[in-house]
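In the working numbering, the protein residues as written are 3 to 303. Heads up, the beta-carbon is just placed ideally off N, CA and C, and yes, glycines get one too. The structure appears right after this line, and notes come after that.
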Amino acid sequence: MLILGGAEKKRLIASGGTVHTRGRGMNEEIPKNTRVDQTMIATRRPIAPPVLDALIAARDHALAVSSLLRYDLTDAVQRYLLSYFCTAIELEGASIALARQAESIGIPILARSMLEAQVDFRCLLADPAYVDWIEAAHDREWAKVIDEAITAGGAYLGKLGSEPTVRLERDRIAKREADRTGKGIRKLKAMERFRRASMQELYYSVYNFLCAESHNDARALISRHIKEDSKGVIRLTVYADDLAFDETSLMQVHDSMSAMTEGVCGKFSIAEPDRTVVDRTFAAAKRYMVSIDRSAERAKI
């Protein structure tokens with residue numbers, strides 16, 4: 003049985019803003035006598051200029067802050083904090099590039115990675131000891147790779163497993179993990195990280211929908227590609243964008259970047275550069291998002 007996501011968009015309220023989803027979960031079956039044999043190539047629509055302008059301003063502002071940094075990379079806290087910050091700058095740049103080209107399918111995936119970076123950044127900013135939890139995750143993932151390489155080998159990992167240095171590193175990981183176990187430190191699950199960052203309200207809302215896009219869940223596949231055309235015919239569709247969802251994902255990227263920029267300025271005692279453009283473009287983007295939300299509400303009346 004093929005399930006069609008309904009055309010009506012549901013909304014989730016999170017972090018004080020409206021989060022648009024792709025109109026999932028209506029459980030409407032496709033009638034058996036419906037033509038479903040002709041693919042429709044949709045016309046891609048551009049991201050609204052106010053949203054794109056806000057992203058560019060936030061990215062440029064973060065770059066300006068990065069040029070003012072003075073740091074000590076032998077300090078693990080600084081090393082990880084600034085690596086998350088630099089990752090955020092690059093993820094926002096990638097989001098801008100996709101938005102400019104109307105290649106929107108990748109935007110929620112980048113937004114998910116951005117949100118995860120913000121969560122870990124926030125955890126570390128609040129507690130320098132979070133370094134241990136970051137490195138616990140690092141070691142656990144390498145342990146899984148090395149164990150598979152040594153025991154199973156295969157085309158991808160066989161050569162790695164035969165390297166003496168790799169086996170030595172596995173022994174070092176085992177020792178570090180034993181030490182951490184005694185301290186109650188281990189790789190955290192995503193929900194635990196969100197809770198530590200006091201962002202748990204986003205885990206089952208924004209993050210859940212972004213993960214569906216990253217994993218190509220059924221709800222994401224159906225909402226992307228099973229659409230009604232102008233005559234009411236249900237068809238397989240390519241490039242059937244959902245601007246409300248994509249633009250909201252971009253605003254999540256913007257919000258994460260802004261929060262991390264503010265955190266870096268505070269942590270490293272940087273006099274933040276002029277925010278006039280950042281604040282002006284954000285205000286314009288917010289007005290635009292509110293306007294389309296109201297238009298959608300009027301359309302339902």
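Quick one: which unbroken alpha helix (DSSP H) runs of 4-plus residues sit fully inside the stretch 127–194? Chain order, please.
Counting only unbroken stretches of 4 or more residues, the alpha helix (DSSP H) elements lying wholly within the stretch 127–194 are 132–153, 156–163, 166–185, in sequence order.
Decide if L252 is buried, meaning its Cβ has at least 16 other Cβ atoms within 10 Å, or exposed.
buried
Whole angstroms is fine: what's the gap from Y205's alpha carbon to A220's?
19 Å
Going by the DSSP bridge assignment, what does I228 pair with across the sheet?
L238
Taking S258 as part of the alpha helix (DSSP H), name the residues at either end of that continuous run.
245–269
Q254 and A113: beta carbons closer than 8 Å?
yes
I43 - partner residues in DSSP beta bridges:
Residue pairing by DSSP places I43 opposite V240 in a beta bridge.
Does the distance from the CB of P52 to the CB of A222 come in under 8 Å?
no
Buried/exposed call for D276, threshold 16 Cβ in 10 Å
exposed
To the nearest angstrom, how far is the alpha carbon of A96 from that of S293?
26 Å
Between S115 and R195, what straight-line distance do the alpha-carbon atoms span, to the nearest angstrom?
14 Å
Where T283 falls: helix, strand or coil (DSSP):
helix
Give the secondary structure of E390 by DSSP, where H, G and I count as helix, E and B as strand, and everything else as coil.
Here the chain covers residues 3 to 303 and nothing more, so residue 390 does not appear.
Let's test the definition: count the other Cβ atoms within 10 Å of the Cβ of G156 and tell me whether it reaches 16, buried, or not, exposed.
G156 is exposed by the Cβ-count criterion.
Let me check understanding here. Comparing Cα to Cα, which of A273, M291, V266 lies closest to A90?
V266
Compute the Euclidean distance between the alpha carbons of E177 and M259, then round it to the nearest angstrom.
Checking the displayed sequence, the identity of residue 177 turns out to be Lys instead of Glu. For K177 and M259, the distance between alpha carbons rounds to 37 Å.
Inter-residue Cα distance where the pair is E179 and D141
8 Å
Leaving out five residues before and five after L159 in sequence, what residues of the same chain have Cβ atoms less than 8 Å from its Cβ?
V147, E150, A151
Hey, could you find the ends of the alpha helix (DSSP H) D55 is sitting in?
51–68
Look at L117 and Y82 and say whether their C-beta atoms are less than 8 Å apart.
no
At the level of alpha carbons, what is the spacing between A131 and V121?
15 Å
Which residues in the same chain as A261 place their Cβ atom closer than 7 Å to its Cβ, once the five residues preceding and following it in sequence are excluded?
The beta carbon of A261 is closer than 7 Å to those of Q120 in its chain, skipping five residues each way along the sequence.
Using C-beta distances below 6 Å, list every residue in its chain close to H256, excluding the 5 sequence neighbours before and after it, in chain order.
A56, L57, A60
What's the gap between the Cα of E143 and the Cα of K189?
9 Å
Rounded to whole angstroms, how far is the Cβ of Q80 from the Cβ of Y73, which I believe are closer than 8 Å?
5 Å
Closest by CA to R197, which one among S68, E92, R124?
R124
Out of curiosity, what's the CA-to-CA distance linking R182 and A128?
20 Å
To the nearest angstrom, how far is it from the Cα of P48 to the Cα of C213?
Answer to the nearest angstrom: the Cα atoms are 24 Å apart.
Would you call the CB atoms of I175 and A145 closer than 8 Å?
yes
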